[in-house]
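Here is the structure we will look at.
In this note's numbering, the protein residues as written are -19 to 122.
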């Protein structure tokens, strides 16, 4: 039971860090954000850390970033359909962006999320290692 409590604490902290970072990122670069972006940023940060730890940090950074980019883009699409289309909150709209799908995802932001995922992978790994004593991550490009 203690093992599960530790995991919950690990990923709760990572979720909070990810939510705060992404919410702040949006406020700085966009001028505003929405609470749903805090939730989504935290979920994506948890995935960035989880996917590295599950693979024991054996995969090169480009592979982890690609995995995270697919996950983040999928989550953004699902979240966008829910918060923008179904609930009508109009949190974002990529309709004017190139290579977009229903205004919810687009290639330029996929690439941005890929770059941001590198931060999530690194921070998530360092939090797991330094704060919770998990396996030390080893990051390499190729």
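All C-beta atoms, glycine included, are put in the ideal place defined by N, C-alpha and C.
- Within 10 angstroms of the beta-carbon of residue 95 lie fewer than 16 other beta-carbons, which makes it exposed.
- Look at residue 84 here: in three-state DSSP terms it is coil, with no helix or strand label.
- Restricting attention to alpha helix (DSSP H) runs no shorter than 4 residues, the segment 38 to 90 encloses them at 41 to 60, ordered along the chain.
- The beta-carbon distance between residue 24 and residue 58, rounded to whole angstroms, is 12 Å. This is too long to meet the 8 Å contact definition.
- Check the Cα spacing between residue 66 and each of 40, 111, 84 and 75: the tightest is with 84.
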